[in-house]
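S.K.: In case it helps, my numbering puts the sequence shown at residues 6 to 441. Here it is, the structure, as structure tokens.
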Amino acid sequence: MSHVFVLDPDKQPLDPVHPGRARLLLTQGKAAVFRRYPFTIILKEAVPSPQVQELRLKIDPGSKTTGLALINDATGKVVWAAELQHRGEVIKKALDDRRRVRRSRRSRKTRYRTPRFKNRTRRKGWLPPSLESRIANTLTWARRLLRSCPLEAVSLEVVKFDMHLMQNAEIEGVEYQQGELAGYEVREYLLEKWRRTCAYCGATDVPLEVEHILCRARGGTHRISNLTLACKPCNDAKGTQLIEEFLSDRPGVLKKILAQAKAPLKDAAAVNATRWALYERLKLLGLPLEAGTGGRTKWNRTIRGLPKTHWLDAVCVGASTPPTLDIREVRPLFISANGYGSRQKCNVNKIGFPCSKPKGARMVKGFQTGDIVRAALTSGTKQGVYIGRVLVRASGSFDVRAKQGRVQGISHRFCTLIHRCDGYSYLKGAGHSSPV
Ligand SMILES: [Zn+2]
Numbered sequence: 006m007s008h009v010f011v012l013d014p015d016k017q018p019l020d021p022v023h024p025g026r027a028r029l030l031l032t033q034g035k036a037a038v039f040r041r042y043p044f045t046i047i048l049k050e051a052v053p054s055p056q057v058q059e060l061r062l063k064i065d066p067g068s069k070t071t072g073l074a075l076i077n078d079a080t081g082k083v084v085w086a087a088e089l090q091h092r093g094e095v096i097k098k099a100l101d102d103r104r105r106v107r108r109s110r111r112s113r114k115t116r117y118r119t120p121r122f123k124n125r126t127r128r129k130g131w132l133p134p135s136l137e138s139r140i141a142n143t144l145t146w147a148r149r150l151l152r153s154c155p156l157e158a159v160s161l162e163v164v165k166f167d168m169h170l171m172q173n174a175e176i177e178g179v180e181y182q183q184g185e186l187a188g189y190e191v192r193e194y195l196l197e198k199w200r201r202t203c204a205y206c207g208a209t210d211v212p213l214e215v216e217h218i219l220c221r222a223r224g225g226t227h228r229i230s231n232l233t234l235a236c237k238p239c240n241d242a243k244g245t246q247l248i249e250e251f252l253s254d255r256p257g258v259l260k261k262i263l264a265q266a267k268a269p270l271k272d273a274a275a276v277n278a279t280r281w282a283l284y285e286r287l288k289l290l291g292l293p294l295e296a297g298t299g300g301r302t303k304w305n306r307t308i309r310g311l312p313k314t315h316w317l318d319a320v321c322v323g324a325s326t327p328p329t330l331d332i333r334e335v336r337p338l339f340i341s342a343n344g345y346g347s348r349q350k351c352n353v354n355k356i357g358f359p360c361s362k363p364k365g366a367r368m369v370k371g372f373q374t375g376d377i378v379r380a381a382l383t384s385g386t387k388q389g390v391y392i393g394r395v396l397v398r399a400s401g402s403f404d405v406r407a408k409q410g411r412v413q414g415i416s417h418r419f420c421t422l423i424h425r426c427d428g429y430s431y432l433k434g435a436g437h438s439s440p441v
């Protein structure tokens with residue numbers, strides 16, 4: 006289990022505790038549940054001069070899923086982890102739908118309206134709403150964690166490759182070796198640049214070797230522009246030949262390789278705008294912010310023998326990653342962004358005509374769709390306890406999406422609120438058992 010967050014009576018964060026300890030505090034009546042997701046308890050009596058251990062929040066932003074992890078840098082203990090699923094595609098679809106409906110004006114007969122100019126500017130740093138929502142989701146969770154635990158630093162994976170490190174190595178003539186960080190980043194860079202294919206025969210899905218275009222024996226350097234990827238047969242066949250000799254019968258391939266070797270990888274330099282925007286906004290939290298590279302994340306993860314998941318990638322972000330990581334008992338929380346519903350006031354049919362009554366009030370008997378409730382039914386065919394997301398109806402007859410499936414027609418009288426709708430839904434994940 007991931008640890009449980011603890012607040013003192015003034016809502017100041019204390020050290021997260023093991024779930025067993027939290028359970029004891031709750032049964033002894035020394036604490037109460039403050040928030041269900043992330044699970045937070047609040048102590049009833051103040052702790053005199055509390056000592057807190059500083060935690061670091063690590064973020065691996067992705068287009069669909071962002072990994073989050075809280076780590077104690079001093080001990081290497083992973084305290085909490087989560088995978089945050091974004092809803093970028095849903096937002097894009099909603100905007101496309103809206104645009105389609107508004108377009109219909111053009112084919113309708115309407116009075117003349119003067120064209121509106123000069124109201125179509127976009128502010129500096131504007132991002133499409135789908136990307137903006139990814140940043141907003143991540144920031145929301147960074148702020149929530151800041152309120153729930155003693156957070157002292159943040160690490161964020163910002164770029165794919167460390168161009169600076171590679172250029173320095175190039176200038177200083179460092180030999181790239183497997184197992185070294187610079188070597189690792191170079192290999193990843195080359196795989197991307199040469200699209201994971203053998204430069205000479207175009208073979209894919211084969212083990213590729215880093216190959217010097219002008220071989221070492223003839224004074225070839227380790228500069229990136231002298232490196233390419235080749236499969237073992239091609240690499241052996243070329244040996245110490247000059248590339249012009251080796252490819253004398255294939256002038257087209259020769260020309261392509263020489264041109265591609267000189268050209269730097271464009272995407273690596275043109276960094277992801279979303280990640281930098283997130284970096285700038287995380288800075289405003291006022292915590293020390295560390296920028297990591299994708300190459301280093303993968304290197305950190307590989308040398309520790311960890312499988313690839315979003316939350317373990319987050320654990321491995323940045324140079325600050327402790328040498329030994331304790332990820333035992335960590336069960337990531339799977340968070341999905343759902344939004345707060347739409348502003349559309351009634352349903353429309355396929356050609357856009359209203360076909361239902363206006364939507365009713367959002368709150369029904371103190372509940373709203375998206376709340377997480379506990380429904381305890383003591384009699385009848387649906388007898389049992391159901392915990393899950395609720396869908397409210399004005400009649401007071403609700404549906405609960407519980408572990409057992411969707412249960413329809415539960416009266417509001419049997420429901421108790423356990424987590425107010427906050428735009429996200431939650432699922433507890435399985436842990437990674439082997440200690441590292
Ligand atoms: Zn080959």
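Even for Gly, the Cβ is constructed at its ideal location relative to N, Cα and C.
For residue 90, does the count of other Cβ atoms within 10 angstroms reach 16, so buried, or fall short, so exposed?
M.R.: buried
S.K.: Residues with a Cβ closer than 5 Å to any heavy atom of ligand 1, in chain order?
M.R.: 203, 205, 206, 208, 236 and 239
S.K.: Within this structure, are the beta carbons of residue 382 and residue 389 separated by less than 8 Å?
M.R.: For residue 382 and residue 389, yes; Cβs fall inside 8 Å.
S.K.: Report yes if the CB atom of residue 367 is closer than 8 Å to the CB atom of residue 423, and no otherwise.
M.R.: No.
S.K.: Contact defined as beta carbons within less than 8 Å: I believe residue 287 pairs with residue 147. What is the distance between those atoms, to the nearest angstrom?
M.R.: 6 Å
S.K.: DSSP on residue 394, reduced to helix/strand/coil?
M.R.: strand
S.K.: Count the CB pairs spanning the stretch 32-46 and the stretch 106-124 that are closer than 8 Å, and state whether there are at least three.
M.R.: no
S.K.: Which first and last residues belong to the alpha helix (DSSP H) in which residue 239 is found?
M.R.: 237-243
S.K.: For the beta strand (DSSP E) containing residue 158, name the first residue and the last one.
M.R.: Here the beta strand (DSSP E) through residue 158 covers 156-164.
S.K.: Which of the three DSSP states, helix, strand or coil, is assigned to residue 273?
M.R.: Caution applies to residue 273, whose pLDDT of 48 falls short of 50 and renders its modelled position unreliable; the model cannot decide the point.
S.K.: From residue 215 to residue 248, what does the alpha carbon distance come to, in whole angstroms?
M.R.: 15 Å
S.K.: On a CA-only basis, which of 205, 300, 155 and 231 is nearest residue 259? Give me that one, please.
M.R.: Of 205, 300, 155 and 231, the smallest CA-CA separation from residue 259 is found for 205.
S.K.: Under a three-way DSSP split, which group does residue 140 fall into?
M.R.: helix
S.K.: Grouping DSSP H, G and I as helix and E and B as strand, with all else coil, what is residue 265?
M.R.: DSSP places residue 265 in helix when its eight states are reduced to three.
S.K.: Less than 8 Å between the C-beta atoms of residue 165 and residue 299, yes or no?
M.R.: yes
S.K.: Hey, how far is the Cα of residue 275 from the Cα of residue 304?
M.R.: Unreliable positioning characterises residue 275 in this predicted model, as indicated by a pLDDT of 42, which lies under 50. The coordinate reading is nonetheless provided below. In a straight line, the C-alpha of residue 275 is about 22 Å away from that of residue 304.
S.K.: Near residue 100, what residues of its chain come up, given a Cβ to Cβ distance below 7 Å and the 5 sequence neighbours on each side ignored?
M.R.: 134
S.K.: Give the list of continuous alpha helix (DSSP H) stretches no shorter than 4 residues that lie fully inside the stretch 295-374.
M.R.: 299-308 and 315-320
S.K.: Skipping 5 residues on each side, what residues in its chain have a beta carbon closer than 6 Å to that of residue 230?
M.R.: 266 and 267
S.K.: Comparing C-alpha positions only, which one of 149, 139 and 232 sits nearest to residue 188?
M.R.: Considering only 149, 139 and 232, the residue with the shortest C-alpha distance to residue 188 is 232.
S.K.: Which value, in whole angstroms, describes the spacing of the CA atoms of residue 273 and residue 196?
M.R.: Residue placement at residue 273 is poorly supported in this model, since its pLDDT is 48, which falls under 50; the coordinates still yield a value, given next. Each residue's Cα considered, the two are about 12 Å apart.
S.K.: So, are the CB atoms of residue 352 and residue 375 less than 8 Å apart?
M.R.: Taking 8 Å as the Cβ cut-off, residue 352 and residue 375 do not qualify as a contacting pair.
S.K.: Within a Cβ cutoff of 6 Å, which residues of the same chain sit near residue 415, ignoring the five residues on either side of it in sequence?
M.R.: 380, 403 and 405
S.K.: Can you tell me where the beta strand (DSSP E) with residue 414 in it begins and where it stops?
M.R.: 410-416
S.K.: Classify residue 354 as buried or exposed, calling it buried when 16 or more other Cβ atoms lie within 10 Å of its own Cβ.
M.R.: exposed
S.K.: Taking the C-alpha atoms as reference points, what is the distance between residue 158 and residue 301?
M.R.: 18 Å
S.K.: Excluding the five sequence neighbours on either side, which residues of its own chain have a C-beta within less than 6 Å of the C-beta of residue 1, listed in chain order?
M.R.: Residue coverage of the chain in this structure runs from 6 to 441, which leaves residue 1 outside it and unanswerable.
S.K.: In the DSSP assignment, find the beta strand (DSSP E) that holds residue 43 and state where it starts and stops.
M.R.: Per DSSP, residue 43 belongs to no beta strand (DSSP E) and is neither H nor E.
S.K.: Give me whichever residues DSSP pairs with residue 227 in a beta bridge.
M.R.: DSSP, once it has assigned bridges, lists no residue as partnering residue 227.
S.K.: What would DSSP say about residue 132, mapped onto helix, strand or coil?
M.R.: Three-state DSSP puts residue 132 in coil, outside helix and strand.
S.K.: Am I right that residue 52 and residue 13 are in contact with their C-beta atoms under 8 Å? What's the rounded C-beta distance?
M.R.: 6 Å
S.K.: Should residue 318 be labelled buried (16 or more other beta-carbon atoms within 10 Å of its own) or exposed?
M.R.: buried
S.K.: Less than 8 Å between the C-beta atoms of residue 50 and residue 63, yes or no?
M.R.: no
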